[in-house]
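Participant:
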Amino acid sequence: MRYLALATDYDGTLAHHGRVDATTLASIERLAASGRKLILVTGRELPDLKRVFPELDRFDRVVAENGALLYTPATRKERVLADAPPAAFVSELELRGVKPLSVGASIVATWHPMENVVLQVIRDLGLELQVIFNKGAVMVLPAGVNKSTGLAAALEELGLSPHNVVAVGDAENDHALLQSVQASVAVANAVPALKAAADIVTRADHGAGVAELIDSLLESDLTDLQPQDARRTLLLGVRADSTEVRIPALGHTLLVAGTSGSGKSTLTTSLLEQLRARRYQCCVIDPEGDYDELADVIGFGTAERAPDVAEILTGLERPGESVVVNLLGVKLQDRPAFFASLLLRLQEQRARTGRPHWILVDEAHHLLPTNWEPAPQTLTQALTSMVYVTVHPDALAPAVREGIDVVAVLGDAPRDVFKAVGIAVPSGLPALESGQAMLSLYRGEPVIVAVPPSHSERRRHQRKYAKGELGPDRSFYFRGPQNKLNLRAQNLITFLQLAEGVDEETWFHHLGSGHYSQWLANCIKDEDLARDVQAVERQAAQLDAATSRARIRAAIEQRYTLPEDASPL
Numbered sequence: 002m003r004y005l006a007l008a009t010d011y012d013g014t015l016a017h018h019g020r021v022d023a024t025t026l027a028s029i030e031r032l033a034a035s036g037r038k039l040i041l042v043t044g045r046e047l048p049d050l051k052r053v054f055p056e057l058d059r060f061d062r063v064v065a066e067n068g069a070l071l072y073t074p075a076t077r078k079e080r081v082l083a084d085a086p087p088a089a090f091v092s093e094l095e096l097r098g099v100k101p102l103s104v105g106a107s108i109v110a111t112w113h114p115m116e117n118v119v120l121q122v123i124r125d126l127g128l129e130l131q132v133i134f135n136k137g138a139v140m141v142l143p144a145g146v147n148k149s150t151g152l153a154a155a156l157e158e159l160g161l162s163p164h165n166v167v168a169v170g171d172a173e174n175d176h177a178l179l180q181s182v183q184a185s186v187a188v189a190n191a192v193p194a195l196k197a198a199a200d201i202v203t204r205a206d207h208g209a210g211v212a213e214l215i216d217s218l219l220e221s222d223l224t225d226l227q228p229q230d231a232r233r234t235l236l237l238g239v240r241a242d243s244t245e246v247r248i249p250a251l252g253h254t255l256l257v258a259g260t261s262g263s264g265k266s267t268l269t270t271s272l273l274e275q276l277r278a279r280r281y282q283c284c285v286i287d288p289e290g291d292y293d294e295l296a297d298v299i300g301f302g303t304a305e306r307a308p309d310v311a312e313i314l315t316g317l318e319r320p321g322e323s324v325v326v327n328l329l330g331v332k333l334q335d336r337p338a339f340f341a342s343l344l345l346r347l348q349e350q351r352a353r354t355g356r357p358h359w360i361l362v363d364e365a366h367h368l369l370p371t372n373w374e375p376a377p378q379t380l381t382q383a384l385t386s387m388v389y390v391t392v393h394p395d396a397l398a399p400a401v402r403e404g405i406d407v408v409a410v411l412g413d414a415p416r417d418v419f420k421a422v423g424i425a426v427p428s429g430l431p432a433l434e435s436g437q438a439m440l441s442l443y444r445g446e447p448v449i450v451a452v453p454p455s456h457s458e459r460r461r462h463q464r465k466y467a468k469g470e471l472g473p474d475r476s477f478y479f480r481g482p483q484n485k486l487n488l489r490a491q492n493l494i495t496f497l498q499l500a501e502g503v504d505e506e507t508w509f510h511h512l513g514s515g516h517y518s519q520w521l522a523n524c525i526k527d528e529d530l531a532r533d534v535q536a537v538e539r540q541a542a543q544l545d546a547a548t549s550r551a552r553i554r555a556a557i558e559q560r561y562t563l564p565e566d567a568s569p570l
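Numbering (our numbering) for the sequence shown: 2 to 570.
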């Protein structure tokens, strides 16, 4: 299931004239029987709510007082989420004749037209309070307290993400609630502004509209919902006419393919940044240590230590945490089996919690090769919200290629990539420039876009390759013409240090063979730097050792900020 919880307003939504009818209550019970959680979010004070709605125990959590109080019906535990109203404020309202006047654990409530007096008292006393309207009701709460903050507290207790929640309401004070979740719904009787902002407007009003929503949840899990607002979409690129190309932030499967150094990491890092900024949970499978420096994630595994599946799952228990799984410590031949085991567990966790929201698989052709046959349990929940990154899409398992519905191609040979996943493209595809990608959305005709910039990719790239730890298969080895040496450079710092110290025969052997530029292009993945170094290699016969070493060092230092201790040996 994608949607594991329903958050509903009470008055005007679940209830009509303050009461919930039997049909609506039966729908609520059917939804609970499906394993989903129920959260009531209301502006009412708890004693009043208990009086008018004795069936409150049908809900897993109740957010009362417009976000200021959290109640657990099963244990009858109350948790106040905001400060109590200032006594001087309440006294002054009474002195000025504000009626009716209700005071809760944190909320102070009255009705129109008393809002003018309320606002004047707040100004006169210099209080940091906010006034929230709910049709005719006037509610006063501490600044920053609303239905969204109350729901966040309820979801934290339930271990759920707002991206696995549907919310439904009818009035002005439901805007914050609906904006904070993945799917927003307004009942037919809702105020026009709320209906305009909602993803779905029910045909029926009040409780019948909630029952209509529940029927859709049980039937399809709202799989057809396609939100359009930026906070629930992913930017893939910008066309030449400046229009953005976006896809919903859940429910699709992407292939990012292209030659080495073509910019795949820029696009994938941009996607991860967008997802993390919106608090979607991501699990990045990183065979080569490329994502070790990704910000705001938990890392598992190193070059010396294989990751542990149980530890990874523990790291994903908190909805707001994302993880990077570094496979350098897993032998190359063992990585597909390790990933198959991990993927099965991730799919099981997705079935229970709806998370991780996205799984990104780098070097996917190694982990999901053509002979990969998924265990039946792996496909009990569709492999959606996946990103596969590869230089060889034709080497991906057929089951993987069939599930791809969005393709981003960078670098050369886009036609070969589209052919590998069964997408027909017209003849005469234009060549892609640096920073561009060719996109096919939902297997449609490709379009060319500018790739959105990544804020951290270049910085991460520089840190990793300057002083990080490349795996043995991606390190540079100074061996010399007779393979007498075996000096490993696991990053650019070590490379420069060894380059200054090796004998001239070894230096010129690799220089004349083009080994330095090949390593920079294929393993460091910096095509621009590789081209500059290649220019030095072409002049190898005309340059002495000191000059060629100095030029290559200058080319590297121009792009990478090296620490002060990166002096030659």
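Just so it is clear, CB atoms sit at the ideal spot from N, CA and C, and this is done for glycine as well. What you are looking at is a predicted structure, and each value in this text was computed from that prediction instead of being measured.
If you compare alpha carbons, which of Ala83, Ala6, Val326, Pro48 is closest to Phe60?
Facilitator: Ala6
Participant: Going straight from the alpha carbon of Lys535 to that of Gly513, what length do you get?
Facilitator: First, the amino acid is wrong: residue 535 is Gln here, not Lys. Gln535 and Gly513: Cα-Cα distance of roughly 10 Å.
Participant: Looking only at C-alpha atoms, which of Arg31, Ser455, Ala83, Phe479 sits nearest to Ser271?
Facilitator: Ser455
Participant: Kindly indicate the opening and closing residues of the alpha helix (DSSP H) around Thr591.
Facilitator: This structure cannot speak to residue 591, because the chain is shown only from 2 to 570.
Participant: List in chain order: all unbroken beta strand (DSSP E) runs of 3+ residues lying wholly within the region 468-503.
Facilitator: 477-479, 488-490
Participant: From Arg416 to Arg402, what distance separates their C-alpha atoms?
Facilitator: 15 Å
Participant: His176 and Leu195 - do their beta-carbons sit closer together than 9 Å?
Facilitator: A distance below 9 Å separates the beta carbons of Leu195 and His176.
Participant: Nearest by alpha-carbon distance to Gly316: which of Pro74, Glu274, Gln282 is it?
Facilitator: Gln282
Participant: Just confirm the distance between the C-beta atoms of Val167 and Tyr4, as a whole number of angstroms; I'd bet it's less than 8 Å.
Facilitator: 5 Å
Participant: Would you say the region 13-27 touches the region 200-216, given that touching needs at least three Cβ pairs under 8 Å?
Facilitator: yes
Participant: Under 8 Å by Cβ, that's how I've got Leu499 and Leu488 pegged, so tell me the actual separation to the nearest angstrom.
Facilitator: 5 Å
Participant: When you compare only the Cα positions, how much space is there between Lys38 and Thr203?
Facilitator: 21 Å
Participant: Since Leu235 and Ala250 should fall inside the 8 Å C-beta cutoff, what is the C-beta to C-beta distance between them, to a whole number of angstroms?
Facilitator: 5 Å
Participant: Closest by CA to Pro87, which one among Val99, Leu126, Gly423, Asp297?
Facilitator: The residue with the shortest Cα to Cα distance from Pro87 is Leu126.
Participant: Report the start-end ranges of each beta strand (DSSP E) in the region 106-130 that is 3 residues or longer and not cut off at the edges.
Facilitator: 109-112
Participant: Kindly list the residues whose CB is nearer than 8 Å to the CB of Glu322, restricted to its own chain and excluding five residues on each side of it in sequence; keep chain order.
Facilitator: Gln282, Val298, Ile299, Gly316
Participant: Classify Arg461: buried if its beta carbon has 16 or more other beta carbons within 10 angstroms, exposed otherwise.
Facilitator: With a pLDDT of only 49 at Arg461, under the threshold of 50, the placement of this residue in the model should not be trusted; the figure read from the coordinates follows. So Arg461 counts as buried.
Participant: Going by DSSP in three states, Val132 sits in which element: helix, strand or coil?
Facilitator: strand
Participant: Per DSSP, what are the beta-bridge partners of Phe301 in this structure?
Facilitator: Val326
Participant: Which residues mark the beginning and the end of the beta strand (DSSP E) in which Pro415 is found?
Facilitator: Counting along the chain, Pro415 falls outside any beta strand (DSSP E), though it belongs to the alpha helix (DSSP H) covering 415-421.
Participant: Taking DSSP as the reference, what is the three-state secondary structure of Ile424?
Facilitator: coil
Participant: If you draw a straight line from the C-alpha of Asp1 to the C-alpha of Leu343, how long is it?
Facilitator: No statement about residue 1 is possible, as the shown extent of the chain runs from 2 to 570 and does not include it.
Participant: In whole angstroms, what is the alpha-carbon distance linking Gly252 and Pro101?
Facilitator: 48 Å
Participant: Just to confirm the assignment: which complete beta strand (DSSP E) runs, minimum length 3, are found wholly within the region 143-180?
Facilitator: 166-170
Participant: Counting only the same chain and skipping the five closest in sequence on each side, list residues whose C-beta sits under 8 Å from that of His18.
Facilitator: Short of 8 Å from the beta carbon of His18, and not among the five residues preceding or following it, lies no beta carbon of its own chain.
Participant: Under 8 Å, with one C-beta from each stretch per pair, do the region 260-270 and the region 240-247 reach the 3-pair mark?
Facilitator: no
Participant: Could you tell me which residues DSSP puts in a beta bridge with Arg20?
Facilitator: Beta-bridge pairing links Arg20 to His17.
Participant: Going straight from the alpha carbon of Val146 to that of Val392, what length do you get?
Facilitator: Looking at the two C-alpha atoms, the distance is approximately 49 Å.
Participant: Could you tell me the distance, in whole angstroms, from the CA atom of His511 to the CA atom of Asp293?
Facilitator: The C-alpha of Asp293 is placed about 29 Å away from the C-alpha of His511.
Participant: Take Val362 and list the residues in its own chain whose beta-carbon comes closer than 8 Å to its own, dropping the five residues that flank it on each side.
Facilitator: Ile286, Phe340, Leu368, Leu369, Met387, Val388, Tyr389, Val390
Participant: Where does Asn492 land, buried or exposed, given buried means 16+ other C-beta within 10 angstroms?
Facilitator: Buried: at least 16 other Cβ atoms inside 10 Å.
Participant: Pull up the distance between the alpha-carbon of Asp309 and that of Gly302, whole angstroms please.
Facilitator: 8 Å
Participant: Grab me the residues of Ala307's own chain with a C-beta within less than 8 Å of its C-beta, minus the 5 sequence neighbours each way, in chain order.
Facilitator: Leu328, Gly330, Val331, Phe339
Participant: How many angstroms separate the CA atom of Val63 from the CA atom of Leu41?
Facilitator: 5 Å
Participant: Tell me whether Val81 is buried or exposed, calling it buried when 16 or more other Cβ atoms sit within 10 Å of its Cβ.
Facilitator: exposed
Participant: In its own chain, which residues sit with a C-beta less than 7 Å from the C-beta of Arg346, not counting the 5 before and 5 after it?
Facilitator: Excluding positions up to five away in sequence, the list reads Val310, Leu314.
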